[in-house]
Amino acid sequence: MSQYAFYILSALSVASALMTVFNRKPVYSVLYLIFFFFTLFGHYILLNAQFLAAVHLIVYAGAIMVLFLFIIMMLNLNKEVEPNKSIVAKFAAVISGGLLMIVVVSAMKGVDAAAINQHSEIGLVETLGSVLYNKYMLPFEMVSVLFLTAIVGAVMLGKKEIK
Amino acid sequence: MNTIVILSVTGIAAMMSDVFKLKKALFGLSLLGLLIALVFSVYDWGQYATYFNQMVLTDNYAVVFTTMLIGITFLWFLMSKDFFSSHSSASEHYALILFSLTGGVMMTNFSDLTILFLGLEILSIALYILAGSDKGNLFSNEASLKYFMIGSFATGFLLFGIALIYGATSSFNLQEISAYVQQHNGSLPMYFYAGILMILTGLTFKVSAVPFHFWAPDVYDGSPTLVTTYMLSVVKMAAFAALYRLFIYCFAPVYEFWIPVFAIMSAVTMLLGNITAVYQKSLKRMLAYSSIAHAGYMLMALASPGGTSRSALMFYLLAYAISTLGVFNVLYQVHKVTGREEIKSVKGLFRKNPFAAIMLTLCMLSMAGIPPVAGFFGKYYMFVSTLNGGLTWLVLIAVLSSLIGVYFYFKVIIAAFQEPELENTAYYRQPSDLTVLYICGILSLLLGILPQFVAGLL
Numbered sequence: 016m017s018q019y020a021f022y023i024l025s026a027l028s029v030a031s032a033l034m035t036v037f038n039r040k041p042v043y044s045v046l047y048l049i050f051f052f053f054t055l056f057g058h059y060i061l062l063n064a065q066f067l068a069a070v071h072l073i074v075y076a077g078a079i080m081v082l083f084l085f086i087i088m089m090l091n092l093n094k095e096v097e098p099n100k101s102i103v104a105k106f107a108a109v110i111s112g113g114l115l116m117i118v119v120v121s122a123m124k125g126v127d128a129a130a131i132n133q134h135s136e137i138g139l140v141e142t143l144g145s146v147l148y149n150k151y152m153l154p155f156e157m158v159s160v161l162f163l164t165a166i167v168g169a170v171m172l173g174k175k176e177i178k
Numbered sequence: 199m200n201t202i203v204i205l206s207v208t209g210i211a212a213m214m215s216d217v218f219k220l221k222k223a224l225f226g227l228s229l230l231g232l233l234i235a236l237v238f239s240v241y242d243w244g245q246y247a248t249y250f251n252q253m254v255l256t257d258n259y260a261v262v263f264t265t266m267l268i269g270i271t272f273l274w275f276l277m278s279k280d281f282f283s284s285h286s287s288a289s290e291h292y293a294l295i296l297f298s299l300t301g302g303v304m305m306t307n308f309s310d311l312t313i314l315f316l317g318l319e320i321l322s323i324a325l326y327i328l329a330g331s332d333k334g335n336l337f338s339n340e341a342s343l344k345y346f347m348i349g350s351f352a353t354g355f356l357l358f359g360i361a362l363i364y365g366a367t368s369s370f371n372l373q374e375i376s377a378y379v380q381q382h383n384g385s386l387p388m389y390f391y392a393g394i395l396m397i398l399t400g401l402t403f404k405v406s407a408v409p410f411h412f413w414a415p416d417v418y419d420g421s422p423t424l425v426t427t428y429m430l431s432v433v434k435m436a437a438f439a440a441l442y443r444l445f446i447y448c449f450a451p452v453y454e455f456w457i458p459v460f461a462i463m464s465a466v467t468m469l470l471g472n473i474t475a476v477y478q479k480s481l482k483r484m485l486a487y488s489s490i491a492h493a494g495y496m497l498m499a500l501a502s503p504g505g506t507s508r509s510a511l512m513f514y515l516l517a518y519a520i521s522t523l524g525v526f527n528v529l530y531q532v533h534k535v536t537g538r539e540e541i542k543s544v545k546g547l548f549r550k551n552p553f554a555a556i557m558l559t560l561c562m563l564s565m566a567g568i569p570p571v572a573g574f575f576g577k578y579y580m581f582v583s584t585l586n587g588g589l590t591w592l593v594l595i596a597v598l599s600s601l602i603g604v605y606f607y608f609k610v611i612i613a614a615f616q617e618p619e620l621e622n623t624a625y626y627r628q629p630s631d632l633t634v635l636y637i638c639g640i641l642s643l644l645l646g647i648l649p650q651f652v653a654g655l656l
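Read top to bottom, the protein sequences are chains A and B.
Take any residue in the first sequence, note its place counting from 1, add 15, and you have its number in the working numbering.
Take any residue in the second sequence, note its place counting from 1, add 198, and you have its number in the working numbering.
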């Protein structure tokens with residue numbers, strides 16, 4: 016069952032990723048990218064990584080994509096005219112893409128598929144919570160000071176100086 | 199450990215003070231918080247305790263540096279009262295300073311690399327913002343942006359280094375890492391050494407050692423003078439405390455690998471810092487370059503670890519921070535009255551206020567390393583410990599470069615005793631304006647006369 020789900024999800028993610036790249040209109044690209052993130056969410060669920068799935072959905076599909084859409088709308092980029100790329104740029108793109116592929120393939124080659132435990136509980140929210148609130152209690156609390164610093168700073172820099 | 203809690207609570211209280219209409223009492227409240235933290239910090243002396251699953255380790259090294267950090271911040275608060283009152287967002291300024299001090303204390307107490315990283319980030323992010331707190335000033339904006347960009351870059355290095363160390367030793371904990379390194383010395387993977395170098399890069403960025411110093415002059419020069427003072431004294435102290443602690447606790451077994459890096463860095467840093475400082479006309483910029491040179495002397499402690507290097511580093515940092523506070527107190531008052539920061543704007547100080555001129559001379563002598571003030575013994579202990587470590591060439595370079603340093607430190611002293619050039623030299627308007635200068639001058643002298651009391655602590 017989960018095998019079929021995996022194949023369907025994979026096909027969908029590859030297709031939506033390709034559509035993201037090939038589409039000429041930026042807004043459509045972004046929409047396909049959102050779809051792609053949703054398929055990744057499915058993959059995380061299949062791998063029993065609840066927490067990563069939730070974070071992925073909230074942070075990437077939620078916050079970052081909205082940011083993308085806003086920027087595209089604000090800069091009014093939704094036009095089909097795309098300047099022709101020079102042959103050098105295409106060449107460079109092919110080389111860097113190929114290099115990335117070599118890295119990915121060589122990294123995957125040595126993987127022992129049997130060693131991957133599909134039913135490991137390491138990605139569960141519960142496991143993560145117990146680690147965070149026991150072993151990493153102090154860093155977890157200090158992160159709040161870090162965020163507070165950033166928030167206070169943002170308020171201070173953004174506030175109008177009142178004389 | 200208690201100090202971290204007290205300082206963050208004080209910071210949060212300062213932040214909330216607008217809500218409770220406590221703005222008037224904020225200065226006293228912050229000083230009170232610092233005093234309580236200081237008492238708790240001293241109280242931990244002689245203990246060896248870990249907290250929160252070995253996240254924090256309180257030993258004598260941590261206690262001494264924590265006490266120094268809080269004490270220096272206390273003095274800094276005394277001289278910067280109008281830094282807060284001149285802005286509409288005073289409570290935010292208080293909160294940021296207190297938070298960044300919390301980060302600094304975490305960096306001296308850490309026993310886990312996550313705490314080191316968090317402490318460094320809390321310290322830095324507060325300062326990125328404070329560097330730009332003079333919003334109308336273009337130089338301040340530039341300083342803030344530059345510091346933020348390069349600081350984040352350095353943090354990336356540090357984080358990558360931590361990840362590589364974790365990959366090699368499968369632990370973030372200092373004790374576990376050091377035990378692993380001890381056990382597997384000789385058969386450690388290549389990326390462990392890469393991790394050491396990356397952590398080294400990330401942390402030496404923060405102490406502005408050559409070749410990672412390019413941001414320092416512009417940031418120190420562009421930030422509001424009082425923020426620069428804080429950076430030079432507290433931030434440098436925290437970063438060095440963390441650097442030394444990490445390398446001595448964790449990577450001592452592989453010291454042959456990183457000692458040459460620190461030795462060369464130290465030599466280049468002090469030479470470049472001192473030589474460039476000679477050409478500066480602005481007092482603030484000169485002090486910025488001299489701070490780079492001082493970072494070079496402090497790196498000598500890491501080039502010859504073991505022995506007395508620990509107490510030498512501690513004493514040097516203390517002497518440097520005290521004299522920095524004193525000199526910047528004068529610079530701040532001069533700037534407030536004349537609006538200029540050149541060396542020649544100190545002219546006429548002796549005529550107007552002889553005592554202040556003498557105290558400024560003491561602080562400057564301490565920076566130059568001339569007896570009988572604290573800086574001399576800072577350099578003396580450092581050189582002795584480096585000689586014991588067998589790095590005679592490094593000491594020779596250090597002596598040479600301090601001779602160069604004497605030249606530009608004396609320029610300031612001579613200017614202070616010259617006749618005034620401008621009419622407007624009333625930078626002693628209220629006697630309390632220069633209190634910190636007096637305290638620092640006297641402390642420098644006391645430390646110079648009785649150095650063994652402090653140097654014997656570690």
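Even for Gly, the Cβ is constructed at its ideal location relative to N, Cα and C.
Next on the checklist: Determine whether the beta carbon atoms of G573 (chain B) and A491 (chain B) lie at a separation below 9 angstroms.
Outcome noted: One-based indexing of the second sequence puts residue 573 (chain B) at position 375. One-based indexing of the second sequence puts residue 491 (chain B) at position 293. Using a Cβ distance threshold of 9 angstroms, G573 (chain B) and A491 (chain B) do not count as a contacting pair.
Item to check | From B:A436, B:L515, B:M557, B:L589, residue whose alpha carbon lies closest to that of P503 (chain B) | outcome: Taking the first residue of the second sequence as 1, we reach residue 503 (chain B) at position 305. Ranking the options by Cα distance to P503 (chain B), first place goes to B:L589.
Checklist entry - Beta-carbon separation of Y607 (chain B) and S488 (chain B) under 9 angstroms? => result By one-based count along the second sequence, residue 607 (chain B) stands at place 409. By one-based count along the second sequence, residue 488 (chain B) stands at place 290. Yes, these two residues count as a Cβ contact at 9 angstroms.
Next on the checklist: Output needed for T427 (chain B): all residues of its chain with C-beta closer than 7 angstroms, excluding positions within five of it in sequence on either side, in chain order.
Outcome noted: Position 229 of the second sequence, counted from the first residue, corresponds to residue 427 (chain B). Only W274, T522, L523, F526 meet the Cβ criterion.
Next on the checklist: Here's a check: name, in chain order, each residue in its chain whose Cβ is nearer than 8 angstroms to the Cβ of K279 (chain B), leaving out the five neighbours to either side.
Outcome noted: As a first step, residue 279 (chain B) is located in the second sequence; it is residue number 81 there, counting from the start. Cβ neighbours of K279 (chain B) beyond the five flanking positions: F225.
Checklist entry - Given a limit of 7 angstroms on CB to CB distance, which residues of the region 306-327 of chain B reach chain A? => result T312, I313, L316, E319, I320, I323, A324, I327
Next on the checklist: For a cutoff of 9 angstroms on Cβ pairs, would you count G168 (chain A) as touching chain B?
Outcome noted: Here the question's residue 168 (chain A) lines up with position 153 in the first sequence. With 9 angstroms as the cut-off, G168 (chain A) counts as an interface residue toward chain B.
Item to check | Whole runs of the alpha helix (DSSP H) within the region 215-276 of chain B, excluding any shorter than 4 residues | outcome: 224-241
Checklist entry - For V405 (chain B) versus L299 (chain B), is the C-beta distance shorter than 9 angstroms? => result Against the second sequence, residue 405 (chain B) aligns to sequence position 207. Against the second sequence, residue 299 (chain B) aligns to sequence position 101. No, Cβ-Cβ distance for V405 (chain B) and L299 (chain B) is not below 9 angstroms.
Checklist entry - Quick one, which of B:A501, B:Q252, B:M463, B:G209 has its alpha-carbon nearest A407 (chain B)'s? => result If you number the second sequence from 1, residue 407 (chain B) lands on position 209. Closest by alpha carbon: B:M463.
Item to check | Reduced DSSP secondary structure (H/G/I, E/B, other) of D332 (chain B) | outcome: Within the second sequence, the letter at position 134 stands for residue 332 (chain B). Reduced to three states, the DSSP call for D332 (chain B) is coil.
Next on the checklist: If the criterion is Cβ atoms closer than 9 angstroms, does the pair A519 (chain B) and S507 (chain B) meet it?
Outcome noted: Taking the second sequence and counting its residues from 1, one reaches residue 519 (chain B) at position 321. Taking the second sequence and counting its residues from 1, one reaches residue 507 (chain B) at position 309. Against a cut-off of 9 angstroms, the Cβ pair of S507 (chain B) and A519 (chain B) comes out as no contact.
Checklist entry - Which runs of the alpha helix (DSSP H) fall wholly inside the region 559-647 of chain B and span at least 4 residues, in chain order? => result 572-586, 590-615, 633-647
Item to check | Three-way DSSP call (helix, strand, coil) for D127 (chain A) in this model | outcome: In the first sequence, residue 127 (chain A) corresponds to position 112, counting from 1. Here D127 (chain A) carries a coil assignment [DSSP, helix/strand/coil].
Item to check | Proximal residues of chain A, C-beta to C-beta of A293 (chain B) below 7 angstroms | outcome: Indexing the second sequence from 1 puts residue 293 (chain B) at position 95. Near A293 (chain B) (Cβ distances below 7 angstroms), the residues of chain A are V167.
Next on the checklist: Is there a Cβ of chain A sitting closer than 9 angstroms to that of F238 (chain B), yes or no?
Outcome noted: Looking up residue 238 (chain B) in the second sequence gives position 40. Not one chain A Cβ lies under 9 angstroms of F238 (chain B).
Checklist entry - Is the number of C-beta pairs between the region 333-341 of chain B and the region 413-425 of chain B that are closer than 8 angstroms three or more? => result Touching, yes, given that three or more Cβ pairs across the two stretches are closer than 8 angstroms.
Item to check | Check whether S215 (chain B) and I295 (chain B) have beta carbons under 9 angstroms apart | outcome: Working through the second sequence from its first residue, we reach residue 215 (chain B) at position 17. Working through the second sequence from its first residue, we reach residue 295 (chain B) at position 97. No. Outside cutoff.
Checklist entry - If you draw a straight line from the alpha carbon of K333 (chain B) to that of D419 (chain B), how long is it in whole angstroms? => result Your numbering for residue 333 (chain B) matches position 135 in the second sequence. Your numbering for residue 419 (chain B) matches position 221 in the second sequence. Distance between the alpha carbons of K333 (chain B) and D419 (chain B) is about 15 angstroms.
Item to check | Cut-off 7 angstroms between Cβ atoms - residues of its own chain near I473 (chain B), not counting five sequence neighbours on either side | outcome: By 1-based counting over the second sequence, the position of residue 473 (chain B) is 275. Around I473 (chain B), the same chain offers I602 as residues with beta carbons nearer than 7 angstroms, after the five sequence neighbours per side are excluded.
Next on the checklist: Rounded to the nearest angstrom, what separates Q381 (chain B) and K577 (chain B) at their Cα positions?
Outcome noted: Here the question's residue 381 (chain B) lines up with position 183 in the second sequence. Here the question's residue 577 (chain B) lines up with position 379 in the second sequence. Rounded to the nearest angstrom, the two C-alpha atoms are 36 angstroms apart.
Item to check | Selection from B:Y514, B:M304, B:G567, B:Y345 that minimises the alpha carbon distance to V604 (chain B) | outcome: Mapped onto the second sequence, residue 604 (chain B) falls at position 406. Out of B:Y514, B:M304, B:G567, B:Y345, B:G567 has the C-alpha closest to the C-alpha of V604 (chain B).
Next on the checklist: For A461 (chain B) and T265 (chain B), I'd like the C-alpha separation in whole angstroms.
Outcome noted: The residue given as residue 461 (chain B) occupies position 263 in the second sequence. The residue given as residue 265 (chain B) occupies position 67 in the second sequence. So the two alpha carbons sit approximately 29 angstroms from each other.
Item to check | Whole-number beta carbon distance between L311 (chain B) and I360 (chain B), since they are thought to touch under 8 angstroms | outcome: Counting from one through the second sequence, the residue named residue 360 (chain B) turns up at place 162. Counting from one through the second sequence, the residue named residue 311 (chain B) turns up at place 113. Contact flag correct, Cβ pair sits at about 5 angstroms.
Item to check | Partner residues on chain B for V160 (chain A), Cβ-Cβ distance less than 7 angstroms | outcome: Taking the first sequence and counting its residues from 1, one reaches residue 160 (chain A) at position 145. Result: S206, F297, T300, I320.
Next on the checklist: At 3 residues or longer, what runs of the beta strand (DSSP E) sit wholly inside the region 337-387 of chain B?
Outcome noted: none
Item to check | For F449 (chain B), three-class secondary structure by DSSP | outcome: On the second sequence, residue 449 (chain B) is found 251 positions in, with the first residue counted as 1. Coil.
Item to check | Separation of I363 (chain B) from N149 (chain A), as counted between CA atoms | outcome: Translated into the one-based positions of the first sequence, residue 149 (chain A) becomes position 134. Translated into the one-based positions of the second sequence, residue 363 (chain B) becomes position 165. Cα-Cα distance, rounded: 23 angstroms.
Item to check | Interface residues of the region 138-164 of chain A facing chain B [CB-CB below 8 angstroms] | outcome: N149, K150, Y151, M152, L153, P154, M157, V158, V160, L161, L163, T164
Item to check | Element boundaries [alpha helix (DSSP H), containing M16 (chain A)] | outcome: Numbered from 1 along the first sequence, position 1 holds the residue referred to as residue 16 (chain A). Looking at the DSSP string, M16 (chain A) is not in any alpha helix (DSSP H), and its letter there is neither H nor E.
Checklist entry - Can you list the residues of chain B that M171 (chain A) reaches, using a CB-CB cut of under 8 angstroms? => result In the first sequence, counting from the first residue as 1, residue 171 (chain A) sits at position 156. Near M171 (chain A) (Cβ distances below 8 angstroms), the residues of chain B are S287, E290, H291, L294, I327, S331.
Next on the checklist: Taking DSSP's pairing of strands, which residues face E540 (chain B) in a bridge?
Outcome noted: Within the second sequence, the letter at position 342 stands for residue 540 (chain B). In DSSP, E540 (chain B) forms a bridge with B:S480.
Checklist entry - Within the chosen definition, does the region 73-89 of chain A reach the region 107-118 of chain A through at least 3 CB pairs nearer than 8 angstroms? => result With the rule of 3 Cβ pairs closer than 8 angstroms, the region 73-89 of chain A does not count as touching the region 107-118 of chain A.
Checklist entry - Terminal residues of the continuous alpha helix (DSSP H) containing Y47 (chain A)? => result Taking the first sequence and counting its residues from 1, the one referred to as residue 47 (chain A) is at position 32. Unbroken alpha helix (DSSP H) run through Y47 (chain A): 41-61.
Checklist entry - Hey, would you say M562 (chain B) sits closer than 9 angstroms to V610 (chain B), going by beta carbons? => result Numbered from 1 along the second sequence, position 364 holds the residue referred to as residue 562 (chain B). Numbered from 1 along the second sequence, position 412 holds the residue referred to as residue 610 (chain B). Against a cut-off of 9 angstroms, the Cβ pair of V610 (chain B) and M562 (chain B) comes out as a contact.
Item to check | Outcome for P422 (chain B) when other beta-carbon atoms lying within 10 angstroms are tallied against a minimum of 16 | outcome: Numbered from its first residue, the second sequence carries residue 422 (chain B) at position 224. Flag for P422 (chain B) reads buried.
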